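Student: Got a structure for you, questions after.
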Amino acid sequence: MTFLKRSKNCGELRSQNIGETVILNGWVHSRRDLGGLIFIDLRDRYGITQLVIRPELTPDVAEKAKPIRSEFVLWAKGTVHKRESINSKMPTGEIEISVEDCDIINPSELPPFEILDELDASEELRLKYRYLDLRRPALQNNFIIRNRVAQITHSFFYENNFIEIETPYLMKSTPEGARDFLVPSRIHKGKFYALPQSPQIYKQLLMVSGFDRYVQIVKCFRDEDLRSDRQPEFTQIDAEMSFVEQDDIIAVFEKFFKRLWKEVLGIEIQIPFPRLTYKDAMENYGSDKPDTRFEMKLHNLNQIFANTEFQVFANTIASNGIIAGFNAKGFGSYSRKQLDELTEFAKKYGAKGLSYIKFTDNSISSPILKFLKQEDIENLKQIFAVEDGDLLLIISDNWRTTYTALGALRLEIAKRGGIIESVKGQYNFLWVIDFPLFEWDENASRWVAMHHPFTSPNVSDLDLLDTNPGEARANAYDIVLNGVEIGGGSIRIHNEQVQKKMFDLLGLTEKQANDKFGFLLQALKYGAPPHGGIALGLDRLVMLLTGTDNIRDVIAFPKTTSGLSLMDNSPSEVDPDQLRELGLKI
RNA sequence: GGGGCUGUAGUUCAGCUGGUUAGAAUGCCUGCCUGUCACGCAGGAGGUCGAGAGUUCGAGUCUCUUCGGCCCCGCCA
14 MTFLKRSKNC GELRSQNIGE TVILNGWVHS RRDLGGLIFI DLRDRYGITQ
64 LVIRPELTPD VAEKAKPIRS EFVLWAKGTV HKRESINSKM PTGEIEISVE
114 DCDIINPSEL PPFEILDELD ASEELRLKYR YLDLRRPALQ NNFIIRNRVA
164 QITHSFFYEN NFIEIETPYL MKSTPEGARD FLVPSRIHKG KFYALPQSPQ
214 IYKQLLMVSG FDRYVQIVKC FRDEDLRSDR QPEFTQIDAE MSFVEQDDII
264 AVFEKFFKRL WKEVLGIEIQ IPFPRLTYKD AMENYGSDKP DTRFEMKLHN
314 LNQIFANTEF QVFANTIASN GIIAGFNAKG FGSYSRKQLD ELTEFAKKYG
364 AKGLSYIKFT DNSISSPILK FLKQEDIENL KQIFAVEDGD LLLIISDNWR
414 TTYTALGALR LEIAKRGGII ESVKGQYNFL WVIDFPLFEW DENASRWVAM
464 HHPFTSPNVS DLDLLDTNPG EARANAYDIV LNGVEIGGGS IRIHNEQVQK
514 KMFDLLGLTE KQANDKFGFL LQALKYGAPP HGGIALGLDR LVMLLTGTDN
564 IRDVIAFPKT TSGLSLMDNS PSEVDPDQLR ELGLKI
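Structure representation (structure tokens):
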């Protein structure tokens, strides 16, 4: 089928084009047939332009336009006219195209949902017809922004002397970290490649090679459960630098963020960003990725309750636990039922219970009131700057549980109180530093790397590796924006002996270490430079730049929470011959 | 692995303690309509109540199984 190719797109015509003869191609956004007058809104990526057909003047055109319905693809030739009634809501609202000739390039079945930004279709349906969902301007805009981020990344790092180098997607499966996606080898039956969880080791090897500054926008794969901000395949902006310390990497990336925000959103952000130690982040905000757009800070209450008769608190203190809380400002009117809800919420995070003190109508009510001395109450009022109508929420448990649960409650209260809504449009970046090097894995009864096993210990904590590994801090840093971890990195181990020791502490035998990471240990013997880097989650970055709270909105063809692609029905069974060729049996 | 919510016209939803022919809005179809842009007016068509089994005189509604979707905990170096 032939068609007249467009001379303009559907978003560019303005009143200064009046009188021009143009050809447009696009999709029928809507059609309004008034009988003696037919309006068609034609849509493409660039915008919407109104076509007008007058059956009285052009009966043949009207005849051709008769079967036109939503989402048909058309070409239309005509003259740009000023509208009789201007639509100030549309960029092209001052003009319309008086159609002299047009035709259907390709008809469309009735779409299962309307192509509107004010979507009213279920996500299930949208995912099944993803190619239609992606016609919606709001969604297209997300990918335009995503592309802008990618382009700025290419140019920023190019200008700063970084080299983009591709690393393999078929690599060796390594222990530690996330579950690998495996790819069977046909040539070597019974053996498998793994898809990279990140190009971590390759980029370190590139530093050994002397590339000095590496960057890559790269897909990563992790076979773990999905979340609203997690997909099994996602994209990182991955970078590594040689002869650097933590401050050097932080400085480069602060400049990168400044440029991104300027060029994508037109916003000047202030650098350098604040830095918070992991310990301070946990003890003030109950999170290693604190949202600092609002206060409601947590406070340790062990002092106040040092001699309490309330058994739960006393036991916590006796077992070196933490009693802490925060002021849920203005929530003093919460009912028993609502407080029960909050208690259930806290329990999801491991808390065994939730204590509260309500300050309402100049009186105090609390299940633990009888244990509170007047002095305690005064102290609490002072610490939390309590006003009438406030609610104190208190948890006592071990350090991690107390702070984690309070941190989750803090966010929940902020959400319920409309605080999150009110700080929209603010961008609070911060670095979280001084992470512990190890975490104790209760199930496996061994230390596991909090970041990854190539992370360099803090120089001043090197001795702790032998005496008290749990206290050793890592030379690692996370970049956090508005409570979202958008990236993390570390200075790496460039010394073979230190790396061996690390594997040893992580419970790998020398043989295991050599089997899995021998090539890295080998490479470290040949003059590895001091190096370090960082990886940003591109998808999460784009989420924040577009203001969406769901990662599926920034990935063109995402999976559902159970890992299915509803559009193409993957994963799917394969032909028995394919399995045979791979030497696999199900 | 666990918890919560959810599946009813094309779509978004309502549907009470189980009870006549399962409704609304919107979309769709037909007709009318010369300034619409959420066009308007009149009429019409449209249902395996996710699937399967069970209880019952009778199931959209109750029970069990199962398949999906969304959110969270665990998991995600």
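If you count by our numbering, then the first sequence holds residues 14 to 599, one letter each, in order. Glycine included, every Cβ here is placed at the ideal spot set by N, Cα and C. Here the structure is a predicted model, which means the values were calculated and not measured.
#1: So, with DSSP's three-state summary, where would you put Ala421?
#2: Using the three-state DSSP reduction, which class does Gly502 fall into: helix, strand or coil?
#3: May I have the straight-line CA-CA distance separating Phe175 from Lys216, to the nearest angstrom?
#4: Do Ile178 and Leu239 have their beta-carbon atoms positioned less than 8 Å apart in this structure?
#5: My understanding is that Gly531 touches Leu424, with C-beta atoms under 8 Å, so please give their C-beta distance in whole angstroms.
#6: Given a cut-off of 8 Å on the beta-carbon distance, is the pair Tyr490 and Ala421 in contact?
#7: Indicate whether Tyr609 and Asp447 have their beta-carbon atoms separated by less than 8 Å.
#8: Pairs of beta-carbons, one from the stretch 93–104 and one from the stretch 21–34, closer than 8 Å: are there three or more?
#9: If we count the other Cβ atoms within 10 Å of its Cβ and call it buried at 16 or more, is Glu84 buried or exposed?
#10: Do the CB positions of Gly576 and Pro245 come within less than 8 Å of each other?
#11: At 3 residues or longer, what runs of the beta strand (DSSP E) sit wholly inside the stretch 382–452?
#12: For a quick check, are the C-beta atoms of Asn155 and Asp566 less than 8 Å apart?
#13: Assuming contact is defined by CB atoms lying nearer than 8 Å, are Pro482 and Leu521 in contact in what I supplied?
#14: Thinking C-beta only, is Glu189 closer than 8 Å to Ala462?
#15: Comparing alpha-carbon positions, which option in Ser332, Leu132 and Ala485 lies nearest Pro150?
#16: Please look up how many angstroms separate the CB atoms of Ser473 and Ile504, rounded, as I've assumed it's under 8 Å.
#17: Taking buried to mean at least 16 other C-beta atoms within 10 Å of its own C-beta, is Arg235 buried or exposed?
#18: What are the start and end residues of the alpha helix (DSSP H) that includes Lys350?
#19: Within the same chain, show all residues whose beta-carbon is closer than 8 Å to that of Phe323, passing over the 5 residues directly before and after it, in chain order.
#20: So, Leu311 versus Phe344, is the Cβ gap smaller than 8 Å?
#21: Pro7 and His507 look like a contact to me (Cβ under 8 Å); what is the Cβ gap, rounded to whole Å?
#22: Apart from the five residues on each side of it in sequence, which residues of its chain come closer than 8 Å, Cβ to Cβ, to Pro124?
#23: In chain order, which continuous runs of the alpha helix (DSSP H) of length 4 or greater are located wholly inside the stretch 281–321?
#24: Could you check if Lys202 is buried or exposed, using at least 16 other CB atoms within 10 Å of its CB as the buried criterion?
#25: Tell me, please, which residues DSSP counts as bridged to Asn119.
#26: By DSSP's criteria, Asn340 is part of a beta bridge. Which residues make up the other side?
#27: Nearest to Asn100 by alpha carbon, out of Ser28, Leu50 and Gly39?
#28: Report the rounded CA-to-CA distance for Val493 versus Leu554, giving the unit in angstroms.
#29: Taking Ala427 and Met309 to be in contact with their CB atoms under 8 Å, please state how far apart those CB atoms are, rounded to whole angstroms.
#30: Just mark Glu137 as buried or exposed, buried being the case when its beta carbon has 16 or more other beta carbons within 10 Å.
Tutor: Looking at the coordinates:
#1: helix
#2: strand
#3: 12 Å
#4: no
#5: Not quite, the Cβ-Cβ distance comes to about 44 Å (not below 8 Å), so this is no contact.
#6: no
#7: Nothing about residue 609 can be reported from this structure: the residues present for the chain run from 14 to 599 only.
#8: yes
#9: buried
#10: yes
#11: 403–410 and 442–446
#12: yes
#13: no
#14: yes
#15: Leu132
#16: That pair is no contact at about 13 Å.
#17: buried
#18: Arg349 to Lys361
#19: Ile381 and Phe384
#20: no
#21: Here the chain comprises residues numbered 14 to 599, so residue 7 is not present and cannot be evaluated.
#22: Ser83, Glu84, Tyr142 and Leu145
#23: 291–298
#24: exposed
#25: Val86
#26: Leu405
#27: Ser28
#28: 10 Å
#29: 7 Å
#30: exposed
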